[in-house]
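Below: one structure, written as C-alpha cells.
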Amino acid sequence: MKSQFLKGNLHGIPIALGYLSVSFGFGILAVKSGLSVLAATLISVTNLTSAGQVAGVGIIAAGGSLAEMGLTQLVINLRYALMAISLSQKTDKSFTFGKRLIASYGITDEIYAVASSQPEDISASYMYGLTFISFLGWTVGTFLGAFAGELLPTDITNAMGIVLYGMFLAIFIPPARKSRRVLLVVAVASGLSVVFKYLITVVSGGFAVIISAIVASALGAVLFPIDIKEADDT
Amino acid sequence: MSIALYIIVMAGVTYLIRAIPFTAFSKKIKSPFIQSFLYYIPYAVLAAMTIPAIFYSTGNVITATAGTAVALILAHVNLPLIVVALAASGTAFCVSVFI
C-alpha cells in the first residue's frame, strides 16, 4: 500500500513541476484581480483545476452572480465528468465508495492522463500519491505567485499574466492541427467569444465562454459525431 | 458578495462534477451526441477562454501579441505545455523591456 503511494508520488513529479510554474501565474492573476493571498490559495486548495479557476477569478473580479459562477464551473469542468467515467472503469478492488469520494478530488487533465496510461488497474493509494504531489505543486505555486506577485517588478508580473493562456494554447492547438473537426470547433468557439467581447457586450464574460463553448461543441457533435472507441484513443 | 460564498460554489460544483460520475457510473455513456459533445467541450472552452482574452493578459496588447505569436508557433510544433507557457511569458517580458 505504501509503495503504491510512493509510486504515485514518483509518477506525479513532472505534473507537480508543471503545476508549480503554471499556478504561480494563477496566483499573480488572482491577486491582480483583487483577491487576497489567502483567497487565491484557498481556491487552489479546494478546486485543483486551471481553466475553471481562471474563469472563476474573472467572475469574482467582475462581481458576477453565484449562478454564473456555478454554471461556468459546470461547463468548463464538464470534461472531468468524462474522465471520471473513463477512470471509474480502470480502478482495482481497493476502491471502496469512500475512497472513490476522496480520489474524485484529484481528477485533473494531467492526473487523469498519467493514471489512465498505466498498464494495470490503478489502486486508491496510487491515485492518492499522484494527487498529493500534484496538489503540493499547485497550491505552493499559487501561494508563491500570489505572495511574491506583490513584490516582483510589474514588468515581470505583467508578463506572467500570459502563462496560463499560453498553456491553454498548447492544449488545444496541436489537436486542432491534427483534426479538421476540432479545428472547426475551436474556430467557432473563438469566433463567438470575439463577437461577445466586441459586439454583444451585454453578456458577461463567464456566460460568453459558456455559450460559445456549448454552441461550438454542439455544432461539432451534430456535424462530426465521433465514435466512442475513437474518443478513448485520444 | 462574500469571497467565501464564491469559493464554496466553485469548489462544490467542481467536486461534484468529478465525484458523481466517478462513484455512480459503472457503464459508459452510450449517446453518440453526448459522447461527441463531451469530446469537443475541453477544446471549445479553452479556445473561448483564450481568445481574445490572451491579448489583454499582460496589460499591453503589443507584448501580449508577441507572446501569443511565440506560443502559437511552439504549440504548432507540439512542444510541452510548460515550455509553451513559459516561452510566451518570456517573450512578453523581453518585448516589454524594449518598448
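If you read the sequences in order, they're chains A and B. Position one of the first sequence corresponds to residue 2 (my numbering), numbered consecutively onward. Position one of the second sequence corresponds to residue 2 (my numbering), numbered consecutively onward. Ideal Cβ placement from N, Cα and C applies to all residues, glycine included. From a predicted model like this one, the values you see are computed outputs, not experimental measurements.
### Query
In the segment 54 to 83 of chain B, which residues sit with their C-beta less than 8 angstroms from some C-beta in chain A, listed in chain order?
Hits within the stretch, in order: Ala54, Ile55, Ser58, Thr59, Gly60, Asn61, Thr64, Ala65, Gly68, Thr69, Ala72, Leu73, Leu75, Ala76, His77, Asn79, Leu80, Pro81, Leu82 and Ile83.
### Query
Thinking C-alpha only, which one of A/Ala147, A/Ile16, A/Thr155 and A/Gly64 is nearest A/Ile44?
Of the listed residues, the one whose Cα sits closest to A/Ile44 is A/Ala147.
### Message
Let's test the definition: count the other Cβ atoms within 10 Å of the Cβ of A/Ile211 and tell me whether it reaches 16, buried, or not, exposed.
### Response
Classified as buried, A/Ile211 has 16 or more neighbouring CB atoms from the shown chains inside 10 Å of its CB.
### Message
Assuming A/Gly99 and A/Gln74 are in contact, meaning their beta carbons sit under 8 angstroms apart, how far apart are those beta carbons, in whole angstroms?
### Response
With 8 angstroms as the limit, A/Gly99 and A/Gln74 do not qualify as a contact, their Cβ atoms being about 24 angstroms apart.
### Message
Does the CB of B/Phe99 have a neighbour CB from chain C at under 7 angstroms?
### Response
The displayed structure is made up of protein chains A and B, and chain C is not among them.
### Task
Tell me, please, whether the CB atom of A/Leu51 is closer than 7 angstroms to any CB atom in chain B?
The sequence as given places Ser at residue 51 of chain A; Leu does not occur at that position. Residue-level contact check: A/Ser51 does not touch chain B, since none of the beta carbons of chain B fall below 7 angstroms from its beta carbon.
### Message
Quick check on DSSP: helix, strand or coil for B/Ile100?
### Response
Per DSSP, reduced to three states, the secondary structure at B/Ile100 is coil, with no helix or strand assignment.
### Query
Between the C-alpha atoms of A/Glu69 and B/Ala25, what's the straight-line distance to the nearest angstrom?
Roughly 26 angstroms separates the two Cα atoms.
### Query
If you compare alpha carbons, which of A/Gln5, A/Asn159, A/Leu39 and A/Ile172 is closest to B/Ile8?
Among A/Gln5, A/Asn159, A/Leu39 and A/Ile172, the Cα nearest to that of B/Ile8 is on A/Leu39.
### Message
Does A/Thr267 come out as helix, strand or coil in the three-state DSSP assignment?
### Response
The structure shown does not extend to residue 267 of chain A, since chain A is modelled only from 2 to 235, so the question has no answer here.
### Query
B/Ala89 and A/Gly167 look like a contact to me (Cβ under 8 angstroms); what is the Cβ gap, rounded to whole Å?
That pair is a contact at about 3 angstroms.
### Query
Do the CB positions of A/Gly65 and A/Ser205 come within less than 7 angstroms of each other?
Going by beta carbons, A/Gly65 and A/Ser205 fall inside the 7 angstroms limit.
### Task
Apply the 10 Å Cβ neighbour rule to B/Leu87 and answer buried if 16 or more other Cβ atoms are within range, or exposed otherwise.
Classification for B/Leu87: buried.
### Task
Could you check if A/Asn159 is buried or exposed, using at least 16 other CB atoms within 10 Å of its CB as the buried criterion?
Result: buried.
### Query
Of all Cβ atoms in chain B, is any one closer than 7 angstroms to the Cβ of A/Gln119?
With a threshold of 7 angstroms between beta carbons, A/Gln119 makes no contact with chain B.
### the segment 49 to 67 of chain B / the segment 116 to 127 of chain A touching (three or more Cβ pairs under 8 angstroms)
At 8 angstroms Cβ cutoff, the stretches do not touch.
### Simplified DSSP assignment, three categories, for A/Ile1
Absent from the structure is residue 1 of chain A, since the part of chain A shown begins at 2 and ends at 235.
### Query
Tell me which same chain residues have a C-beta within less than 6 angstroms of the C-beta of A/Ala188, skipping the five on either side of it?
So the list is empty, once near-sequence residues are dropped.
### Task
Might you give, ordered along the chain, the residues of its own chain that have their beta carbon closer than 6 angstroms to the beta carbon of A/Asp233, omitting 5 neighbours on each side?
Residue confidence is low: A/Asp233 scores 46 on pLDDT, short of 50, so the model does not pin down where it sits. No coordinate-derived value is stated.
#### Entry: Spatial distance of B/Phe23 from A/Ile86 (CA atoms)
So the alpha carbons of these two residues sit roughly 6 angstroms apart.
### Message
Residues of the segment 132 to 147 of chain A in Cβ contact with chain B at a cutoff of 7 angstroms, in chain order, please.
### Response
Flagged: no residues at all.
#### Entry: A/Ile77 versus B/Cys95: straight-line alpha-carbon distance, rounded
Take the alpha-carbon of A/Ile77 and the one of B/Cys95: they are about 32 angstroms apart.
### Task
Have a look at A/Met84, A/Ser37 and A/Leu83 and flag the residue whose alpha-carbon is nearest the alpha-carbon of A/Ala62.
Closest option to A/Ala62, Cα to Cα, is A/Ser37.
### Message
Just checking: is the beta-carbon of A/Ser105 within a distance shorter than 7 angstroms of some beta-carbon in chain B?
### Response
At least one CB of chain B lies nearer than 7 angstroms to the CB of A/Ser105.
### Query
Exposed or buried, what is A/Lys94 when buried is set at 16 or more other beta-carbons lying within 10 Å of its beta-carbon?
A/Lys94 should be labelled exposed.
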